[in-house]
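Data block below; observations after.
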Amino acid sequence: MLTAGAIMRLFDRHEELEALSEAFADCVGGTGQLVIISGGPGSGKTELLHEFANRAVGAGALLLAATASLTERLRPMSTVGHLLHSGEVAAPEALDHVTRCRTTDSAASAAPGQDRATRIARAVQDAGQAVLDLADERPVVVAVDDCHYMDGESLQTLLGLLRRIRTRRILVVCAGWEQSGLAHPLVHTDLLRRPHRRVRLAPLSEQGVALILAARSPGPLPDGAGAAYHRMTAGNPALVHALLDDTTRLGAEPGAPVASGGYRQAVLAFLHRAEPGHLRIAGVLAALGDLASARTTALLAEVPPDAVRHVAEGLGSIGLLDGYRFRHPAAAAAVLGDLGPADSARLHGATARLLYLEGAPPADVAGHLLAAGEVTEPWGPSVLRLAAEQELAEDDIEQATACLGLALRVCEDQREREALSVTLARAVWRVNPAAAGPHLVPLYDAARTGTLAVEETATVLRHMLWQGDTELAAETAAAYTGSRTVADTHALAEIDFVRNWFYGVPRPAGQRVDLARVAALEPAATDRAAGLWAKVAMLAGGVVTDESVARAVEALQTHGPSDLRLELSTISLLLIAHADRAATAAEACEAMLAEAGRRGATTWQAVLGAVRAEIALLQGDVETAAAKATEALALLHPQGWGVLAGLPLATALSAYTAMGRHEAAAGLLARKVPDRMFQTGFGVQYLRARGHHYLATGRAFAALNDFETCGQLMRDRNPDLQELIPWRTDLARANLRIGKARVAKEWAQKQLKVRGGIGSRTRAITLRVLAGASQLRHRTALLREAIDLLQICGDRLELALAYADLSAAHYELGEYARARLLARQAAQEAEVCRIESPVGNRLERAEPTEATAAGAGAAATLSDAECRVAALAALGYTNREISSRIHVTISTVEQHLTRVYRKLNVASRTELPSKVIEHRIPTVSEAVRQ
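217 is the number of the first residue of the sequence shown in our numbering; add one for each residue after it.
This is how it looks when you write it as C-alpha cells:
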C-alpha cells in the first residue's frame, strides 16, 4: 500500500514533481484539485507518488493513500476502505458502512431492512463526507496508485467527492497505466470530464539513466554506460534498476549491463499485469524474434493485425520491444520460459510451420522444431538436415547435432537416414571421434555391399581406418571398383591415397598407383579440396621442388582443415617437413592450429598439434616436440585417438629420450595402446620410438627386437614410406651398439640404396650411423656429408650429434685443434636444442692463454667472407667444397685463404684449426647462418 515514508531519490522527474507541487499549492489555497499521473509499468509512478506524499505530509497535509489491486477489483469499496484506514479517519459510522460493503457474505453484513444497493449508496455518501470533514482541519491529499484496478464503487466515491471539492482543500491524485486496450480503462469517462491536470511520465532520457548508474556506482562510469542501459530498457526506470541489481549481484561493473533473474522477473511482472491476450501476443513475438511483424504475429496469435500493433506499441512504450522485437534476448527467453510445456510446444511448432511457409532460412525453422521437440510435417527432416549443414559450416556443433538427432528420430526413408547418420557422425567427430562410431558402425554392411553412396562410404572408410579396421576397409573399398562418376573416382582415389600414405596400409599385391597421373586427372567441380589432393599426390610422387611445395602450402591456406580432409592436410604438412622445409611446414601448421582453435574443432586441434610436435622433432626442437605432443594427447580420450595415438606417443617418446627424461618416456610406454595400431604406420613409428628409448637406457637387444619387428611390418607395406620410416638405419644403430659393426654397416648401406626423393634428413642420419660402423679413415668424409645434409634439412639435434662424432674422429686421428673446434660446434648446437652437450668439456674449449688473449682481436681484422672460409677450411673442407657451400668461385676462396694466412700468421693449412681457436674465429655454424 502506498504510504508516506522515507524520501526517495527521483531521476529526471523534476518537471512532473513541480506540477504536483503546484497542484498542492492551489489545494492549500482553497481550490480542490484532480491530478492524473499516467505511464506504463515501471515508469516511476509509484516513486513519484511517494516523493510527493512525503513533501505534502511535511507541509502539514493529511495523506489518504491506497494502491488498487486486480484481485480486489470485484470487492465493492475495497480501495476506499484502504484510503480511510490509511489516514486513521475518525468516522466510525462511515468506516462501518464501508466495511460491510467489502464483506463477501452480503446476507450477513446487511443491516435489517437494507438491500445491497442501498447499503453501497450509503457507504459512498458517508465515505465522501468523511473526507470532506477532514479538510476542515487541514489540507487532504487522496492518492490512489494503480487506479486502473479500482473497483467501480470506489470510483463512484471519488467522482462524488470531486463534485464537492471545488472550494475545499482536497487534492486527489490518481496514477495508472496508460494503456487504452485494458478491459477497465485507466480513467473513467466521468472522471475525465472533471477539471484535472495530466502528468505523463515519459521514459528516462539517456542522461537520466546515467544519473541512476552514477548514484549506484562506487567509481566513475565508463564511457557509453548510460547509452548501453538505455538501449536495453528504453529508459524504463524499473528495468534499469533490475539490470543494475543483476549486474552488481553477479559482481560485474555497473557499466556493463547483465540481464539475469531480476530483469526476467521485472519483464514477467509487467506482462502479468496486462490482459491475458497481451501475454499471448508477447509470447508469439518472442517466438518469432527478428521475423516478427504485425502480419506474421497476427497469423500465429489469431488476432487482427491492429491488435498486434496496439500491443507492440504498448510493450514498446515500457521498454520491452523495439518495433516488434524484444530489446534483449533475456526478455524474450523469460516470456517463452513462462509458458507451460504443452503451450510452448504448440507455439514453436506453429511458428516453425509459418516460417517454413514464409521461406525463412532452414536454421530459423529448425530452431523452433527443436524447441517444439517434435516434427509433424513431412518437410521437417530435410529442413533439419539443411540447418545442420549450415550450423556445421558456422561451427555450431551442438546445434547441428541437435538438428540431426531430431531428424533421425522421425525420418523413415532409409536413404535419407543413411545420409543423416553420416552427417551426424561428421559433426560429433569434430569434437570426439569416438562418438562417431554409434552412427557409422550400423552402416558397415551397406558400405561393404556397395549399396551406400560413395560420399557416405568415404566417411565410413575413414572411420574404419581411424579405428584400425584395415582389412574391413580394404574389403569395403573393393566393393566400389566399378565405373563411377569423376567425383566418385576422385573420392575413392583419395581414400586409397590416405590409406596408403597416412595409415601405411599396403595395397593389394600388384596394385600400384601412378600418383602423378592421378593428380593430373580433371578434378570434380564440386570437390573443394581437389587442389590440395593434387598437390599432395605430386609431393608423395617425388616431385619435391620449391614450386611444388609452395603450391601445396597455398592449397593448405586456401582450404584449411575440414572433416573430410584432415588426413590430407596432415600428409601434406609432414611431406613438406620431410622435404627439408620444416620451418615452412611449422608456419603452415601453426596457422591451421589457430583456425582449429577459433572454430572449436577439438579433433583438428589434437591431430594438428601432434603434427606440429613431429615437425618440431624433425627440427631438433625436442622441448617443443614433447610439449606439443603431450598437449595433443590430452585433447582426446584414448578411445577417441584410435590408432592415431601412435603419432603423438612416438613423438613424445623420441623427444623425452633425446632430453634424457627416461622416466617420463617410461610413463608413456605404460599407456595402453590399441592392438590394431600395429597394423598401421603409426604402430611402426611407436615401435621405433620405443626401440630408441631402449637403446638410450642400455637395453640394446630389446631395441633390436623392436627394430626387427618394424622391418617385418614395413617389408609388406607401402614401399614409398621406406625412406620416411628408416627402420634399416635403426637396425644398423642397434647392431652397432651390440658390437656388430659389419652387420650395422650392411643395414646402413641398404638404407642408402632405398629410393629417395623426399628430403635429406634420413640420408644424413644413415651416413652418421654408417660412419660409426666404418674405418676411421672413411669416417670424416661420411660425417662431413652428413653435416652438410643436416644443415640443409635443419635438424639441429642430429647436427649436434654429427659434429660430436666428427670431433671424436679427428681426436682419434690426433688432430686435436680441429677436434676442439668441432666440439665447440657440437656444444653450441646442443645449447640451441636445450640438451646436454654430446662431447666432453675437455674438447669443448681450449684453455685461454696469453697468446689467445693477445690474438683475440685478430678475428676482428677478418671480413665476414674470410671468417666463413677460414672456419670451413679449418674443418677440413677442400677449396672446391668451400666454393660450392658459399657459392663463390674457387679462385675467390683461394684469395680469401691467402689473406687469412697472412692476417693470422698461418704457415700451412694444418695450422689453421689451432689458429681459428686461438683467434676465436666464428664457428662454422655461425658462419653458415650468416
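Positions of the beta carbon are idealized from the N, C-alpha and C atoms, including for glycine.
Using a Cβ-Cβ cut-off of 7 Å (strictly less than) and excluding sequence neighbours within five positions of residue i, which residues of its own chain qualify?
i	result
Thr567	Ala503, Leu504, Leu516, His584
Ser1023	Ala1035, Leu1038, Ala1039, Ala1042, Val1055, Leu1059
Leu608	Ala616, Ala643
Ala1089	Ile1098, Leu1113, Arg1125, Leu1128
His446	Glu422, Val425
Thr513	Ile497, Val500, Leu501, Leu504, Val524, Tyr540
His853	Ala650
Pro411	Leu250
Asp1011	Leu834, Gln835, Gly836, Arg977
Asp506	Arg541
For residue i, count the other beta carbons within 10 Å of its own beta carbon; 16 or more makes it buried, fewer makes it exposed. Which is it?
i	result
Lys844	buried
Gly274	exposed
Trp943	buried
Asn452	buried
Asn1095	buried
Thr320	Low per-residue confidence applies at Thr320: pLDDT is 49, beneath 50, and the placement is therefore not dependable enough to give any value.
Gln1044	buried
Leu286	exposed
Glu232	buried
Trp595	exposed
Asn1121	exposed
Ser533	buried
Asp796	buried
Can you name, in chain order, every residue of its own chain whose Cβ lies under 6 Å from the Cβ of residue i, other than the five neighbours on each side?
i	result
Ile223	For Ile223, the pLDDT reaches just 37, beneath the cut-off of 50, and the residue's location in the model is therefore unreliable, although a value from the coordinates is still provided. Asn270, listed in sequence order.
Met366	Ala284, Thr295
Trp717	Ala756, Ile787
Gln938	Val970
Ala841	Ala829, Ala832, Leu833, Thr867, Ala871
Phe227	Gly424, Leu427, Ile428
Ala912	Thr873
Gly988	Leu952
Thr818	Val647, Leu851
Determine the extent of the beta strand (DSSP E) in which residue i is found, giving its start and end residues.
i	result
Thr199	In the structure displayed, the chain extends from 217 to 1146; residue 199 sits before or after that span and is not available.
Trp393	386–393
Ile381	Counting along the chain, Ile381 falls outside any beta strand (DSSP E), and DSSP gives it neither H nor E.
Val415	413–416
Gln249	249–255
Val357	356–361
Using 8 Å for Cβ pairs, my map puts residue i next to residue j. What's the rounded Cβ distance?
i	j	result
Val388	Leu377	7 Å
Ala861	Thr873	So it is not a contact: roughly 18 Å between Cβ atoms.
Ala282	Val356	Not quite, the Cβ-Cβ distance comes to about 14 Å (not below 8 Å), so this is no contact.
Ile686	Val721	Going by the sequence as given, residue 686 is Thr instead of Ile. With a Cβ gap of about 5 Å, Thr686 and Val721 count as contacting.
Leu300	Leu280	7 Å
Val889	Tyr902	7 Å
Phe898	Leu851	Actually they do not touch by this definition, with Cβ atoms about 17 Å apart.
Thr867	Glu830	5 Å
Ala441	Pro470	7 Å
Leu884	Leu869	6 Å
Which residues mark the beginning and the end of the alpha helix (DSSP H) in which residue i is found?
i	result
Ser637	630–645
Cys627	Neither: Cys627 is in no alpha helix (DSSP H) and is coded neither H nor E.
Val1109	1106–1120
Asp891	Looking at the DSSP string, Asp891 is not in any alpha helix (DSSP H), and its letter there is neither H nor E.
Ala502	492–504
Ser560	557–573
Leu991	According to the sequence displayed, residue 991 carries Gln and not Leu. Here Gln991 belongs to no alpha helix (DSSP H), and DSSP marks it neither H nor E.
Thr449	441–449
Beta-carbon within less than 8 Å of residue i's beta-carbon, same chain only, minus the 5 sequence neighbours each way: which residues are those?
i	result
Leu656	Ser637, Val638, Ala641, Thr675, Val676, His679
Val314	Met293, Val296, Gly297, Leu300, Ala339, Asp342, Ala343
Thr665	Ala695
| query | At which residue ranges does the segment 917–971 contain complete alpha helix (DSSP H) runs of 4 or more residues, listed in the order of the chain? | reply | Secondary structure in the segment 917–971: the alpha helix (DSSP H) runs of 4 residues or longer, each lying completely within the stretch, are 943–953, 957–968 in chain order.
| field | Those runs of the alpha helix (DSSP H) which lie wholly inside the segment 518–544 and span at least 4 residues | value | Within the segment 518–544, the complete alpha helix (DSSP H) runs of at least 4 residues are 521–533.
| What are the complete beta strand (DSSP E) segments, minimum 3 residues, inside the segment 785–814? | Within the segment 785–814, complete beta strand (DSSP E) segments of at least 3 residues are not found at all.
| Unbroken stretches of the beta strand (DSSP E), 3 residues or longer, contained in the segment 262–348 | Listed in chain order, the complete beta strand (DSSP E) runs (minimum 3 residues) inside the segment 262–348 are 278–283.
| request: Tell me the start and end of each unbroken alpha helix (DSSP H) in the segment 828–875 that is at least 4 residues and wholly inside, in chain order. | output: You should have 838–851, 854–857, 862–875.
| message | Restricting to runs no shorter than 4 residues, where is the alpha helix (DSSP H) found entirely within the segment 643–725? | response | Counting whole runs of 4 or more residues, the segment 643–725 contains the alpha helix (DSSP H) stretches 653–656, 660–664, 670–682, 686–694, 702–713.
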